[in-house]
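> Protein sequences appear in the order of chains U and D.
Residue numbering for the first sequence follows numbering that gives the first Met the number 0, beginning at 0 and increasing consecutively.
Residue numbering for the second sequence follows numbering that gives the first Met the number 0, beginning at 0 and increasing consecutively.
Note that CB positions come from ideal geometry on N, CA and C, so glycine has one too.
2 protein chains.
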Amino acid sequence: MKLGLDISGGDFAPRANVLGAILALEQLPDDVELVLIGRENDITSILEEKGVKSDRISVVDAPDVITMEDHPTRAIPQKPNSSISVGFELLSQNKIDSFASTGNTGAMLVGSMYKVNAIPGVIRPCITSVLPTVNGGDSIILDVGANADCKPDVLYQFASLGSLYAKNVMNISDPRIGLLNIGEEEGKGNLLTQSAYKLMKESKDFNFIGNIEGRDLFTGKADVVVCDGFTGNVVLKQAEGMYTITRQLGIKDDYLERFNYENYGGTPILGVNSDVIIGHGISNDVAVKGMLCLAYDVAKSELTQKIKEAFK
Amino acid sequence: MKLGLDISGGDFAPRANVLGAILALEQLPDDVELVLIGRENDITSILEEKGVKSDRISVVDAPDVITMEDHPTRAIPQKPNSSISVGFELLSQNKIDSFASTGNTGAMLVGSMYKVNAIPGVIRPCITSVLPTVNGGDSIILDVGANADCKPDVLYQFASLGSLYAKNVMNISDPRIGLLNIGEEEGKGNLLTQSAYKLMKESKDFNFIGNIEGRDLFTGKADVVVCDGFTGNVVLKQAEGMYTITRQLGIKDDYLERFNYENYGGTPILGVNSDVIIGHGISNDVAVKGMLCLAYDVAKSELTQKIKEAFK
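1) List, from N- to C-terminal side, the alpha helix (DSSP H) runs of 4 residues or more that fit wholly inside the segment 112-179 of chain U.
2) Once you ignore the five residues that flank U/I42 on each side, which residues in its own chain have a CB closer than 8 Å to its CB?
3) Taking only beta carbons into account, state which residues of the segment 129-156 of chain U come closer than 8 Å to chain D, listed in chain order.
4) Please confirm whether D/Y196 and D/E185 have their CB atoms less than 9 Å apart.
5) According to DSSP, simplified to helix, strand and coil, what is D/G102?
6) Helix, strand or coil: how does DSSP classify U/T334 here?
7) Which full runs of the alpha helix (DSSP H) of 4+ residues lie inside the segment 215-269 of chain U, going along the chain?
8) Any idea what DSSP makes of D/V64, helix, strand or coil?
9) Mind listing the chain U neighbours of D/D60? Cutoff is C-beta to C-beta under 7 Å, in chain order.
10) Beta-carbon separation of D/G264 and D/V234 under 9 Å?
11) List the residues of chain U that D/E239 touches, going by C-beta distances under 8 Å, in chain order.
12) Going by C-alpha to C-alpha distance, which of U/Q77, U/P62, U/L24 and U/Y254 sits closest to U/D54?
13) Taking C-beta pairs closer than 8 Å, name the residues in chain U that D/G188 reaches, listed in chain order.
14) Is U/D222 closer than 9 Å to U/I306 when the C-beta atoms are compared?
15) Let me know the secondary structure DSSP gives D/G273 once reduced to three states.
16) Whole angstroms is fine: what's the gap from U/S273's alpha carbon to U/Q237's?
17) Between the Cα of U/S82 and the Cα atoms of U/R38, U/L108 and U/Y113, which residue gives the shortest distance?
18) U/L4 and U/L33: beta carbons closer than 9 Å?
19) DSSP on D/D5, reduced to helix/strand/coil?
20) Does any CB atom of chain U fall closer than 9 Å to the CB of D/V43?
21) Distance, Cα to Cα, D/T132 vs U/K299?
22) Output the distance between the C-alpha atoms of U/E239 and U/V285, rounded to the nearest integer angstrom.
23) Could one say the Cβ of U/K236 lies closer than 9 Å to chain D's Cβ atoms, at least one of them?
24) I'd like the list of long-range same chain contacts for U/S159, defined as Cβ closer than 7 Å, with 5 residues on each side in sequence excluded.
25) Relative to the C-alpha of D/A109, which candidate in D/L89, D/P76 and D/N134 has its C-alpha closest?
Set out below in structure tokens:
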């Protein structure tokens with residue numbers, strides 16, 4: 000298995016990315032190879048400095064960088080020698096099995112949509128995030144920002160995608176799917192959730208448990224929380240903001256510490272033809288390692304293949 | 000000034016409501032009278048038990064109760080002798096200056112819309128909630144649930160209503176209005192927030208400072224956070240849920256304690272012709288006292304009159 004990693008993306012590139020790759024190499028099985036994509040000189044000098052020489056690491060030179068200032072839709076055609084463009088090129092040629100980056104999220108989404116494409120039948124690929132639950136488990140929420148406006152059938156598909164992810168990557172046997180809403184009973188909500196509820200309650204594709212409210216996000220009431228990308232993004236950033244505040248206040252608690260992004264590393268883009276993982280722009284080496292471990296878990300689970308079969 | 004209080008609403012009625020009224024009486028100025036609306040026998044026996052005899056307290060008998068199970072739109076016509084129905088009747092006859100209840104929120108909204116009516120020019124009245132900020136202040140967010148689906152011009156009006164509330168009740172001289180969104184720059188967001196941004200940035204009615212994200216909800220970046228009622232309700236319940244979890248975990252912190260609903264008591268329905276205040280169903284006596292103090296502040300500020308003038 001070959002996992003591609005963008006070395007030029009993120010706030011602490013290239014150093015944190017190369018160091019993260021070194022950490023991941025120690026943790027991942029021997030048959031996993033890492034393909035580091037970025038400025039070759041930068042990469043080799045950090046590897047040399049750390050005395051790392053492994054035939055499980057290869058380097059692909061990509062001299063250019065897509066920055067956070069680049070326009071997502073224009074960046075890839077305008078910068079064909081950037082690490083993100085080269086990564087998608089390798090992925091579409093099957094020279095890597097997965098591509099992970101902490102760089103420009105918009106460019107990663109655009110690359111996923113136009114270089115590897117949505118799986119036939121998937122209306123809108125989406126991204127997910129982990130919700131640490133107070134009982135010690137993890138739930139996920141999707142979409143968290145790829146699709147600000149959604150139709151009811153799109154929410155229905157998010158439920159299917161989330162259920163497949165929870166089953167195959169998180170090893171939850173019969174994931175409970177909740178619709179994020181502003182009341183528990185059927186009939187509550189805005190026009191979108193009212194319609195989505197009607198579609199979802201008839202589903203044989205997943206185990207729908209009904210509406211869940213904002214206060215249930217962290218209680219583990221649902222394994223998969225479905226919402227439009229606008230609401231999901233607000234939820235995610237509110238949780239991040241609250242975690243940041245508890246840190247500033249010096250509050251130390253094992254549960255709250257689980258909101259530290261370092262623990263998650265990244266999220267796959269669900270519903271595209273190849274494995275694409277995006278990570279937080281502020282990722283340090285531990286977070287990059289986490290992102291690569293997630294890339295491995297996703298590839299090993301054959302999630303993408305299973306989504307293709309489910310949407311046939 | 001006469002403040003009406005529903006004695007039959009909420010989980011701990013009638014006792015918590017009467018005790019809250021007694022606490023409020025001690026705190027409010029001498030020219031404030033309280034009108035307690037509910038089962039007369041219940042009320043007088045609690046007052047007697049507490050040895051309270053004051054010409055600042057009067058009782059209006061309302062033998063029936065609108066429960067949480069009653070349908071919001073049907074409850075008021077079906078139960079004309081309920082405390083909520085009688086309260087709105089007194090309010091529409093100007094026999095009280097303000098009506099506060101911790102009972103069925105839906106029925107309170109319906110009563111506000113059909114018994115006291117929206118102020119001419121206000122498309123959709125709304126409800127607001129306090130966001131305690133980490134720097135020690137308070138922001139507000141609106142709408143938090145009265146309007147699940149909103150148009151851009153409705154969000155614009157929420158900004159006006161929130162600005163008037165912040166100025167007149169919270170005494171913030173030039174309130175900063177932020178639009179809750181999923182990116183900071185203009186052009187980010189869903190169709191609703193993209194359009195609302197365009198309307199709001201041209202505004203001379205309030206001081207628009209642009210988009211704010213979920214992570215800024217508790218930093219005091221904006222004094223007034225504007226969003227549709229679906230998003231606002233999720234934000235509010237997520238914050239409540241996180242507060243509950245920190246309590247369960249035994250985390251004690253002065254800032255987090257500010258999320259305790261007891262500190263706020265209630266919220267006015269903004270944009271209707273008379274002062275209506277709704278409180279949390281789980282309100283104890285301290286929360287009921289807080290609701291009455293808020294009712295006093297709102298009435299004293301002449302907010303409703305100022306909204307009428309602004310929307311002329």
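Put simply:
1) 151-167
2) I6, P13, V17, L35 and V58
3) Residues passing the 8 Å Cβ filter: V133, G144, A147 and D148.
4) yes
5) coil
6) The structure shown has nothing for residue 334 of chain U, since chain U only spans 0 to 311.
7) 228-247 and 253-256
8) For D/V64, the secondary structure class from DSSP, reduced to helix, strand or coil, is coil.
9) None at all; the shortest Cβ gap to chain U is about 33 Å.
10) Against a cut-off of 9 Å, the Cβ pair of D/V234 and D/G264 comes out as no contact.
11) G213 and R214
12) The option with the nearest alpha carbon to U/D54 is U/L24.
13) A147 and F229
14) no
15) As written in the sequence, residue 273 of chain D is Ser, which differs from the Gly given in the question. Assignment of D/S273 by DSSP, reduced to helix, strand and coil, places it in the coil class.
16) Rounded to the nearest whole angstrom, the C-alpha separation of U/S273 and U/Q237 is 30 Å.
17) U/R38
18) A contact, by the Cβ cut-off of 9 Å.
19) strand
20) Here the sequence assigns Thr to residue 43 of chain D, which means Val is not the residue at that position. With 9 Å as the cut-off, D/T43 does not count as an interface residue toward chain U.
21) 44 Å
22) 18 Å
23) With respect to chain D, the C-beta atom of U/K236 has a partner C-beta closer than 9 Å.
24) Apart from the 5 residues on each side of it in sequence, U/S159 sits with its Cβ closer than 7 Å to the Cβ of D204, F205 and A309 in its chain, given in chain order.
25) Here the sequence assigns Val to residue 109 of chain D, which means Ala is not the residue at that position. The shortest Cα separation from D/V109 among D/L89, D/P76 and D/N134 belongs to D/P76.
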